[in-house]
Amino acid sequence: MYYFTCVAVPENITGVDKAIFNRLNLFKKNNVPAKIISIEYNHMNHNTHVNHGVENDTINMYDYYQKCTHLKSSQPIDLLRYWEEDLGYTLEVVSHQLDICVKSKEGKLLKYVRFVNTERKQINFINHISSIGTINRHERYDNRGFLSSVRYLGPHEKVFLEQFYTPKGEIVIEKHYDINQQDAPVIIFLFKDDGTQVTFNNEDEFIAHFIEDLYKPGDVFILDRPYEYVKPFAKVNPIIPASVFLHTTHLPDEYSEGRAFKWPYNFLGDHINRFNSLICSTEFQKQDVLDHSNFHGEVFNIPVGYIKDKDVNEVNDFSHKHPFKIISVSRYIHSKQLDHQIRLVHRLKKEFPEISLDIYGFGGIGGAQDVLEELINDLDANEYIKLKGYSRDLSKLYEESGLSLFTSKEEGFALVLLESYNHHTPVIGYDVKYGPSEIIQDNINGNLITLDDEEALYQTTRKFLLNPQLRETYYKNCLLTKQKYSESSNFKLWEKFIEFQS
Numbered sequence: 000m001y002y003f004t005c006v007a008v009p010e011n012i013t014g015v016d017k018a019i020f021n022r023l024n025l026f027k028k029n030n031v032p033a034k035i036i037s038i039e040y041n042h043m044n045h046n047t048h049v050n051h052g053v054e055n056d057t058i059n060m061y062d063y064y065q066k067c068t069h070l071k072s073s074q075p076i077d078l079l080r081y082w083e084e085d086l087g088y089t090l091e092v093v094s095h096q097l098d099i100c101v102k103s104k105e106g107k108l109l110k111y112v113r114f115v116n117t118e119r120k121q122i123n124f125i126n127h128i129s130s131i132g133t134i135n136r137h138e139r140y141d142n143r144g145f146l147s148s149v150r151y152l153g154p155h156e157k158v159f160l161e162q163f164y165t166p167k168g169e170i171v172i173e174k175h176y177d178i179n180q181q182d183a184p185v186i187i188f189l190f191k192d193d194g195t196q197v198t199f200n201n202e203d204e205f206i207a208h209f210i211e212d213l214y215k216p217g218d219v220f221i222l223d224r225p226y227e228y229v230k231p232f233a234k235v236n237p238i239i240p241a242s243v244f245l246h247t248t249h250l251p252d253e254y255s256e257g258r259a260f261k262w263p264y265n266f267l268g269d270h271i272n273r274f275n276s277l278i279c280s281t282e283f284q285k286q287d288v289l290d291h292s293n294f295h296g297e298v299f300n301i302p303v304g305y306i307k308d309k310d311v312n313e314v315n316d317f318s319h320k321h322p323f324k325i326i327s328v329s330r331y332i333h334s335k336q337l338d339h340q341i342r343l344v345h346r347l348k349k350e351f352p353e354i355s356l357d358i359y360g361f362g363g364i365g366g367a368q369d370v371l372e373e374l375i376n377d378l379d380a381n382e383y384i385k386l387k388g389y390s391r392d393l394s395k396l397y398e399e400s401g402l403s404l405f406t407s408k409e410e411g412f413a414l415v416l417l418e419s420y421n422h423h424t425p426v427i428g429y430d431v432k433y434g435p436s437e438i439i440q441d442n443i444n445g446n447l448i449t450l451d452d453e454e455a456l457y458q459t460t461r462k463f464l465l466n467p468q469l470r471e472t473y474y475k476n477c478l479l480t481k482q483k484y485s486e487s488s489n490f491k492l493w494e495k496f497i498e499f500q501s
């Protein structure tokens, strides 16, 4: 079994998550057993897994020990009826319709209940209210219909104990907290089926134990989230084979504090030879690893994305494309430099009245959405430049667009470029580490621009928009990138990796 490690499967997926999904589908198609594993607790995980179609391909650490990995949804208990009819409590619906207040016959608040939606059938959590009006117990309900965890709160509503349950109501995990230090538990207990318990001093030890419990001879782990997994794997039995996938740039920067690698590889330098191989998405990054590290294992270059073989074919009709409709796909964070794109399109508007820019994505750490919206407003560009938010399927949008823009400071591969080329939409973007120079064929099916040269970005984009013949040439030549990154070519690279692990 090949295990791909993530923190959680989020509702809004990032490039790394997309890369994991791509690999999972590729392995399954070629009959290579593979699963995603996640380590973050979230009582609403199951619905997210279902939404992404990975509910049968994901093992969450908490689900594993709570014995609910393969549990299906069940009919939730009708607590509202029980409270109202059996106990005589009064139920008051909060104005936004998502929550209710449960009050005693005397009108005292006993519980505050939040539901998953305004139908108020499925409980999200219940806060139990003490005699002095504080929360003393916080219950979280799995969206398959059972009580998943309880937090007990003391003075100032600080957590001192957290317990996790199986669907049968058995306590299987306990976390104890210092009420003056809430960041992490001071001790964790795992209760085993044989009546024994295992004690952990921190989450890393807990994760390491999970890996060892999961492992069977022949299994291989690929760390897609090294920041969270490198330290646990340093504690794992060294006979368990593991590789690290470098999804972003790794060479140290001004924030690396003397470490061999930058965030999110902070701890990799300390434990690099615990792993038998490293995987990069580009030849450029592979060479940097070989030149600038003391790694003794194998380094593989395997792109995180691929084009399905059935889609690698010549296209000659581009009448469906709108030449002045520009698309950009990126998280709304400062390092993506989306302000460069906004200024570019605003500057081009006078010469190309039909031009528009739709930016798809979402915020996150280092979020810049407010700044971008303010810039669009200041330029009075709301009619033709829009932050469109997150969209799960961009196929139709890429198909009808005439150009993609890319202005990021750095990438590990820039999967969005490959997705654009899959729909014969060329890219004009900054030539940064890593990805653009290997995906964009300069002056053939797109253009590489020196980082932060906004004037060159403007002139190159203007030239593309002015020249219908150039546009048509770029559209056709997108096939060259599709051929390079075909599905079958990608799996041949993985076959070499699999052979190495055998």
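Residue numbers (numbering that gives the first Met the number 0): 0 to 501. Glycine included, C-beta positions come from ideal geometry on N, C-alpha and C. The structure presented is a predicted model; accordingly, all values stated were derived computationally and were not measured.
With a cut-off of 8 angstroms on Cβ pairs, the stretch 450 to 461 is not in contact with the stretch 253 to 272, counting fewer than three such pairs. Taking 8 angstroms as the cut-off, the beta carbon of histidine 48 is found no closer than this to the beta carbon of tyrosine 140. Spanning the alpha carbons of glutamine 181 and phenylalanine 124 requires a straight line of approximately 20 angstroms. Positions of the alpha helix (DSSP H) runs, each at least 4 residues long and wholly inside the stretch 164 to 242, are given as 202 to 213 and 225 to 234 in order along the chain. With contacts defined by Cβ atoms closer than 8 angstroms, glutamine 468 and lysine 408 do not form a contacting pair. The beta carbon of histidine 155 sits closer than 6 angstroms to none of the beta carbons in its chain outside the five residues before and after it.
If you check the CB distance, leucine 414 and glycine 14 come in under 8 angstroms. Taking C-beta separations shorter than 8 angstroms and ignoring five residues to either side along the sequence, the partners of valine 288 in its chain run Leu245, His249, Leu277, Cys279, Phe294 and Val298, following chain order. The alpha-carbon of tyrosine 473 is positioned some 9 angstroms away from that of valine 426. If one requires a minimum length of 3 residues, the beta strand (DSSP E) runs lying completely within the stretch 29 to 113 are 33 to 37, 57 to 59, 89 to 92 and 98 to 102, in chain order. Of the candidates Tyr214, Phe490 and Tyr1, the residue whose Cα lies closest to the Cα of proline 302 is Phe490. In its chain, beyond the 5 residues on either side, Leu79, Trp82, Glu83, Ile99 and Val101 have a beta carbon closer than 7 angstroms to the beta carbon of leucine 90.
At a Cβ-Cβ threshold of 8 angstroms, valine 243 and phenylalanine 266 do not count as neighbours. Contact between the stretch 184 to 194 and the stretch 220 to 234 is not established, with fewer than three Cβ pairs separated by less than 8 angstroms. Straight-line measurement puts the Cα of threonine 57 at about 46 angstroms from the Cα of aspartate 379.
Sequence-distant partners of valine 112 (beyond 5 residues in either direction) whose C-beta falls short of 6 angstroms from its own C-beta, in its chain, are Ile99 and Ile125. Taking glutamate 313 as the centre and dropping the five residues before and after it, the same chain places the C-beta of Lys475 and Leu478 closer than 8 angstroms to its C-beta, in chain order.
Looking at the DSSP output, tyrosine 433 sits in no beta bridge, so it has no partner there.
Secondary structure of serine 488 (DSSP, three-state): helix.
When the beta-carbon positions are compared, tyrosine 420 and isoleucine 443 stay at least 8 angstroms from each other. When the five nearest sequence neighbours on each side are left out, the beta carbons in the same chain lying within less than 6 angstroms of the beta carbon of proline 75 are those of Gln121 and Gly144, in order along the chain. Judged by DSSP in its simplified three-state form, cysteine 279 adopts strand. Rounded to whole angstroms, the gap between the alpha carbons of phenylalanine 159 and valine 311 is 57 angstroms. Across the structure, glutamate 161 and histidine 175 are spaced so that their CA atoms are roughly 6 angstroms apart. By the neighbour-count criterion, in which 16 or more other beta carbons inside 10 Å mark a residue as buried, alanine 207 falls on the buried side. Straight-line measurement puts the Cα of phenylalanine 405 at about 13 angstroms from the Cα of glycine 360.
Relative to serine 334, the option among Leu108, Asp269, Ile170 and Glu410 whose CA is nearest is Glu410. Methionine 0 and valine 6 have their C-alpha atoms some 19 angstroms from each other. By alpha-carbon distance to lysine 167, the top candidate from Leu347, Gly401, His339 and Gln65 is Gln65. Counting only the Cα atoms, aspartate 85 lies some 59 angstroms from isoleucine 306. Put simply, the backbone Cα of valine 370 is about 35 angstroms away from that of isoleucine 35.
Secondary structure note for histidine 422: it is in no alpha helix (DSSP H), with a DSSP letter that is neither H nor E. Cβ-Cβ separation between glycine 388 and isoleucine 332: approximately 14 angstroms, too far for a contact (criterion under 8 angstroms). The bridge partners DSSP lists for valine 158 are Leu152.
Among the bridge pairs identified by DSSP, leucine 386 is matched with Ile358. For the options Gln196, Asn179, Ile178 and Glu173, the alpha carbon positioned closest to that of isoleucine 186 is the one of Glu173.
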